[in-house]
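What follows is one structure encoded as structure tokens, with my remarks underneath.
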Amino acid sequence: MDEKKRMQIIAENITHFRKQRGITQKELAKEVGITASTMTDYMKLRSAPSFGVIQKLADYFGVKKSDIDTTFKEESINSLSDAPDLLTQQITNTARKLSPENKKIVLRTSEDLLKEQKNEEETKKKRR
Numbered sequence: 361m362d363e364k365k366r367m368q369i370i371a372e373n374i375t376h377f378r379k380q381r382g383i384t385q386k387e388l389a390k391e392v393g394i395t396a397s398t399m400t401d402y403m404k405l406r407s408a409p410s411f412g413v414i415q416k417l418a419d420y421f422g423v424k425k426s427d428i429d430t431t432f433k434e435e436s437i438n439s440l441s442d443a444p445d446l447l448t449q450q451i452t453n454t455a456r457k458l459s460p461e462n463k464k465i466v467l468r469t470s471e472d473l474l475k476e477q478k479n480e481e482e483t484k485k486k487r488r
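Count the sequence shown with the numbering used here and you get residues 361 to 488, in order.
Laid out in structure tokens, this is it:
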């Protein structure tokens, strides 16, 4: 992902969480210990927040860093694919946070993926 796209995603996510809280950019800047002009620079894509500021934002909003900067998510998923038990744990932890309706969607999707995987395995066996 290029840096400009990353900055845009970060700005959109900050805006989303800020509006959920019902606070202004200036108030948010004060809460996380940066100037209002620095926050404006983030929102206008003139600069990107440091990892430290992203952590402060995540702490303030009560979310993970990856909810603000999705590059953390990409790195996290890539590292988890090398550790299946950790990946299963992460899936479980995420599912616990979902609404009952979204849990049903995840279950149906997982079941569909499993059926698809079994069909692919059967097809491969028949070709041998």
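From the three backbone atoms N, C-alpha and C, an ideal C-beta is built for every residue, glycine too.
Length of the line joining the Cα atoms of residue i and residue j
i, j, result
"ILE369", "LYS485", "43 Å"
"LEU474", "LYS457", "22 Å"
"ASN453", "ASP427", "15 Å"
"LYS424", "LYS416", "10 Å"
"THR483", "VAL466", "26 Å"
"SER383", "GLU391", "It should be noted that the sequence gives Ile, not Ser, for residue 383. Straight-line Cα distance between these residues: approximately 10 Å."
Per-residue DSSP class, three states only, for residue i
i, result
"ASP472", "helix"
"ASP429", "coil"
"ILE374", "helix"
"SER410", "coil"
"SER397", "helix"
"ASP362", "coil"
"LEU417", "helix"
"ILE369", "helix"
Under 9 Å between C-beta atoms of residue i and residue j
i, j, result
"ARG378", "ASP429", "no"
"TYR499", "ALA371", "Nothing in the structure corresponds to residue 499, since the chain is present only between 361 and 488."
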